[in-house]
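Chemist: I'd like to ask you about the structure that follows.
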């Protein structure tokens, strides 16, 4: 796992990033996947960009780096610690570069990259290590990561993996309103299933349904801010305050 923090959107430096042979898809499509691409004209330009502004990954087409690909990977990791994605043109070329996988935080991918393909690799490079049981509390809502357990006013709430992870993120960020696209970027895909803003809405719907089923008489602690995102609040009054504060900020 990379030691470089994954931010949203994840910035990825791409050598020859203006070439359709390297990158396929519009910038907006990458943004929807939580990625911001930064094109570099060559190895020195890429190193300069990484030195000025840390990135979540750098894509290096193998034919652009030529025989110096391995040296370039070593230089990038030694100087910046940035994860490296080596791009090859044909499946047969993958074997030639397998040796680079002995480097920490290196992946090999067939070019051209696409938003889905690049997003999955960046997610995998930054997937967090398993951690000890983490306990999050927001009012009467309690979540234990190690036990995959949620309690609402003392009642057990059963959540599938993805809604559980979404709730964990919202509780960790509470009372901040987390944009739906940020949730897409920070909650890792499950078993390769497509993950999008629509999926976030579905996860929120599941969370609300299960909380309501566990304790029907209590107001739900999930606030929705239209066109913005979602937040976990401790009290209904706080939910209204969060929505009003965000509404004021978007009007100003």
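Residue numbers (this note's numbering): 166 to 417. Even glycine gets a Cβ: it sits at the ideal position worked out from N, Cα and C. Values in this document were obtained by computation on a predicted structure and should not be read as measured data.
Mind checking residue 210: buried by the 16 CB within 10 Å criterion, or exposed?
Modeler: Locating residue 210 in the chain shown gives position 45, counting from the first residue. Exposed, since its Cβ has fewer than 16 Cβ neighbours within 10 Å.
Chemist: Keeping to the same chain, check which residues put their C-beta closer than 7 Å to that of residue 320; ignore five residues upstream and five downstream.
Modeler: The sequence position of residue 320 within the chain shown is 155, counting from 1. Contacts found: 379, 380.
Chemist: May I ask you to list the residues that DSSP assigns as paired with residue 262?
Modeler: In the chain shown, counting from the first residue as 1, residue 262 sits at position 97. Paired residue(s): none; residue 262 is not in a bridge.
Chemist: Taking residue 399 as the reference, which of 212, 393, 384 has the closest Cα?
Modeler: The sequence position of residue 399 within the chain shown is 234, counting from 1. Selected option, being the one with the closest Cα: 384.
Chemist: By how many angstroms is the C-alpha of residue 308 removed from the C-alpha of residue 300?
Modeler: Mapped onto the chain shown, residue 300 falls at position 135. Mapped onto the chain shown, residue 308 falls at position 143. Cα to Cα, the separation comes out at about 6 Å.
Chemist: Should residue 298 go down as buried or exposed, given a rule of 16 or more other Cβ atoms within 10 Å for buried?
Modeler: Walking along the chain shown from the start, residue 298 turns up at place 133. Per the 10 Å Cβ criterion, exposed.
Chemist: Indicate the three-state DSSP secondary structure (helix, strand or coil) for residue 225 in the structure shown.
Modeler: Counted from its first residue, the chain shown places residue 225 at position 60. DSSP places residue 225 in strand when its eight states are reduced to three.
Chemist: Within 10 angstroms of its Cβ, does residue 175 collect 16 or more other Cβ (buried), or is it exposed?
Modeler: Counting from one through the chain shown, the residue named residue 175 turns up at place 10. Result: buried.
Chemist: From the DSSP secondary-structure annotation, give me the bridge partner or partners of residue 302.
Modeler: Here residue 302 corresponds to residue number 137 of the chain shown, with the count starting at 1. For residue 302, which the question treats as bridged, DSSP gives the partners 307.
Chemist: Rounding to the nearest angstrom, what Cα-Cα distance links residue 273 and residue 332 in this structure?
Modeler: Walking along the chain shown from the start, residue 273 turns up at place 108. Walking along the chain shown from the start, residue 332 turns up at place 167. Cα to Cα, residue 273 sits roughly 33 Å from residue 332.
Chemist: In this structure, does DSSP put residue 314 in helix, strand or coil?
Modeler: As a working note, residue 314 is residue 149 in the chain shown. Residue 314: strand per DSSP, three-state reduction.
Chemist: Compare the C-alpha of residue 276 against each of 224, 264, 338 and name the closest.
Modeler: In the chain shown, the residue the question calls residue 276 occupies position 111. Here the closest residue by C-alpha is 224.
Chemist: Pair every Cβ in the stretch 280-288 with every Cβ in the stretch 252-269, then say whether three or more of these pairs are closer than 8 Å.
Modeler: Taking 8 Å as the limit for Cβ pairs, the verdict is that the stretch 252-269 does not touch the stretch 280-288.
Chemist: Spatial neighbours of residue 404 within its chain, please: CB distance less than 7 Å, with the 5 preceding and 5 following residues excluded, ordered by chain position.
Modeler: Reading the chain shown from its first residue, position 239 is the one you call residue 404. Note that residue 404 has pLDDT 48, beneath the 50 cutoff, so the model's placement of it is unreliable and the number below is only indicative. 388, 398, listed in sequence order.
Chemist: Is it the case that the Cβ atoms of residue 179 and residue 212 are separated by a distance below 8 Å?
Modeler: One-based indexing of the chain shown puts residue 179 at position 14. One-based indexing of the chain shown puts residue 212 at position 47. Against a cut-off of 8 Å, the Cβ pair of residue 212 and residue 179 comes out as no contact.
Chemist: Is the stretch 191-206 close to the stretch 335-351, with three or more CB pairs under 8 Å?
Modeler: Yes: at least three Cβ pairs fall under 8 Å.
Chemist: Can the beta-carbon of residue 251 be found closer than 8 Å to that of residue 227?
Modeler: Looking up residue 251 in the chain shown gives position 86. Looking up residue 227 in the chain shown gives position 62. Result yes, Cβ atoms of residue 251 and residue 227 sit closer than 8 Å.
Chemist: Is the distance from the Cβ of residue 418 to the Cβ of residue 394 below 8 Å?
Modeler: For the chain, the structure presents residues 166 to 417; residue 418 sits outside this window and is missing.
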